[in-house]
Amino acid sequence: MTDTNTKKHTDIKSGNVVERFLPCRLQPYAYLMRLDRPVGTWLLLLPGWWALILAAGGSRGIEGEIFRLLILFAMGAVIMRGAGCIINDLWDQKFDRAVARTATRPLAAGTVSPMQAFILLGALLLAGLIILCQMSLVTVLLGFMVLPLIILYPLMKRWTWWPQLFLGITFNFGALMGWAAVNDVISLPSLLLYGGGIFWTLGYDTIYAHQDREDDMRIGIRSTALRFGENSKNYVAIFYTMAMIFFVAAFFLVGAGLSSVMLLILSGAHLLGQVKAWDRDDPESSLEVFKSNQAFGLLVLLAAIL
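Quick note on our numbering: the sequence shown kicks off at 744 and runs consecutively.
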């Protein structure tokens, strides 16, 4: 990665929605919550929506209570993704200053103080708790279970070559929570969605981590991108294949119709296209392929609705 590319490839792009629509004094807090980059919110939200809709029986069940839960999950995803990003940046301030892509993040750049970040984090966690308490007891318990994982996730890159696995375990709790919100229990279809989501995250976050390989090696950060090296494409292909196997099994178990299963299988072509299109040595390619997973997740959602 050349110096020119390193300077160009940063987290915060000019002309984004935050810059255009929010007052200057609020922009650092919006950037801290990654409101300018909604793809992460979608990737957090979609497994929960898949589970909600499959548990409700597809489109015929999206009414009344299910519609309310879909809205609550969307609100919760925005809030908890923001909270997770703040926790991540509080842990990683020193590392972020040393990595070209993340050096402009508010805590690293000094546009938000740690105390201001903690105050915003507290407000977000309170809002998340209020939303969580509108759901079933099992869902509430799952929400409390995932909080320690959210707090610990940023430390994984210091301890293991597999922080992407820990992210998958954390990020896909929505699949369990969505199912429990409808049925007040965790059952095999939700576990399959959860497992598939973990493999999916392993794939797309390995791609994402390739943006920072050189900086990560320099400062001692670990990732599957560094662990797999030149074999990363093969590993991502394996992870995506496993994700599809789990997703298809979940759809079969809930008795999804043929059109749903066929669309789900066809969506696997999107994952195959990602692997083929990805240039692991180009940070911009890694970012664009990572972002395309929002489209895959929406295809799975459409398959669940049919």
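Just so it is clear, CB atoms sit at the ideal spot from N, CA and C, and this is done for glycine as well.
Count the other CB atoms within 10 Å of the CB of residue i; is the residue buried (16 or more) or exposed (fewer)?
i: leucine 769; result: exposed
i: isoleucine 962; result: exposed
i: phenylalanine 887; result: exposed
i: valine 760; result: exposed
i: isoleucine 830; result: buried
i: leucine 931; result: exposed
i: proline 857; result: exposed
i: alanine 1012; result: exposed
i: aspartate 832; result: buried
i: arginine 1023; result: buried
If you measure between the beta carbons of residue i and residue j, is that distance less than 7 Å?
i: valine 1043; j: tryptophan 793; result: yes
i: alanine 870; j: leucine 935; result: no
i: serine 1081; j: tryptophan 1021; result: In the structure displayed, the chain extends from 744 to 1049; residue 1081 sits before or after that span and is not available.
i: isoleucine 814; j: leucine 867; result: no
i: alanine 826; j: serine 879; result: no
i: valine 1004; j: phenylalanine 994; result: yes
i: glycine 946; j: asparagine 915; result: no
i: valine 855; j: leucine 775; result: yes
i: glycine 917; j: glycine 800; result: no
i: proline 897; j: aspartate 948; result: no
i: glycine 921; j: leucine 787; result: no
i: phenylalanine 982; j: phenylalanine 942; result: yes
i: tryptophan 904; j: arginine 965; result: yes
i: leucine 850; j: alanine 860; result: yes
i: isoleucine 874; j: methionine 818; result: yes
Measure the C-alpha to C-alpha separation of residue i and residue j and round it to an integer number of angstroms.
i: phenylalanine 1033; j: threonine 944; result: 10 Å
i: alanine 986; j: glycine 972; result: 21 Å
i: valine 889; j: glutamine 954; result: 27 Å
i: serine 1035; j: leucine 1015; result: 12 Å
i: glycine 758; j: serine 802; result: 37 Å
i: glutamine 1037; j: threonine 847; result: 25 Å
i: asparagine 748; j: alanine 843; result: Its pLDDT being 39, under 50, asparagine 748 is placed unreliably by the model, and nothing is read from it.
i: isoleucine 755; j: aspartate 779; result: 8 Å
i: lysine 750; j: glutamate 957; result: Here the model assigns lysine 750 a pLDDT of 41, short of 50, so the residue's position is not dependable and the matter cannot be decided.
i: alanine 765; j: phenylalanine 838; result: According to the sequence provided, residue 765 is leucine. The question's alanine does not apply to it. Near 28 Å, if we compare the C-alpha coordinates of phenylalanine 838 and leucine 765.
i: leucine 1007; j: tyrosine 937; result: 16 Å
i: leucine 885; j: isoleucine 929; result: 10 Å
i: arginine 777; j: leucine 1041; result: 20 Å
i: glutamate 762; j: leucine 1001; result: 45 Å
i: alanine 852; j: proline 1026; result: 22 Å
i: aspartate 1086; j: cysteine 876; result: What is shown of the chain runs 744 to 1049, which leaves residue 1086 out entirely.
i: isoleucine 805; j: tryptophan 785; result: 19 Å
i: alanine 1045; j: phenylalanine 810; result: Contrary to the premise, residue 1045 reads as leucine rather than alanine in this sequence. Spanning the two alpha carbons is a distance of roughly 15 Å.
So, at 7 Å on beta carbons, what are the nonlocal neighbours of residue i in its own chain, with the 5 sequence-adjacent residues on each side left out?
i: methionine 899; result: Pro906 and Phe909
i: isoleucine 950; result: Val979, Trp1021, Ser1029, Val1032 and Phe1033
i: glycine 783; result: Arg777 and Arg824
Whose C-beta lies closer than 6 Å to the C-beta of residue i among residues of the same chain, with five residues either side of it excluded?
i: tryptophan 902; result: none
i: leucine 892; result: Thr913
i: leucine 797; result: Val997 and Ala1047
i: aspartate 746; result: Note that aspartate 746 scores a pLDDT of 37, beneath 50, so its modelled location is shaky; the value from the coordinates is reported in the next line. None.
With DSSP run on the structure shown, which of helix, strand or coil describes residue i?
i: proline 766; result: coil
i: leucine 778; result: coil
i: leucine 919; result: helix
i: isoleucine 734; result: No information on residue 734 is available, as it lies outside the stretch 744 to 1049 that the chain covers here.
i: glutamine 877; result: coil
i: glycine 853; result: coil
i: valine 991; result: helix
i: aspartate 948; result: helix
i: threonine 747; result: With a pLDDT of 37 at threonine 747, under the threshold of 50, the predicted position of this residue should be treated as unreliable, though the coordinate-derived value follows. Residue state, collapsed to three classes: helix.
i: phenylalanine 1033; result: helix
i: aspartate 955; result: helix
i: threonine 903; result: coil
i: glycine 1011; result: helix
i: tryptophan 793; result: helix
i: valine 1128; result: Because the chain in this structure spans residues 744 to 1049, residue 1128 falls outside the shown range and cannot be described.
i: glutamate 808; result: helix
Here's a check: name, in chain order, each residue in its chain whose Cβ is nearer than 8 Å to the Cβ of residue i, leaving out the five neighbours to either side.
i: leucine 996; result: Leu931, Pro932 and Leu935
i: alanine 773; result: Val761, Leu765 and Asp779
i: threonine 967; result: Trp904, Trp905, Pro906, Gln907, Leu908, Leu945, Asp948, Thr949, Ala952, Ser975 and Tyr978
Cβ of residue i within 6 Å of any heavy atom in the ligand GTP?
i: tryptophan 785; result: Absence of the ligand GTP from the depicted structure is noted, as is the absence of any ligand whatsoever, leaving it without description.
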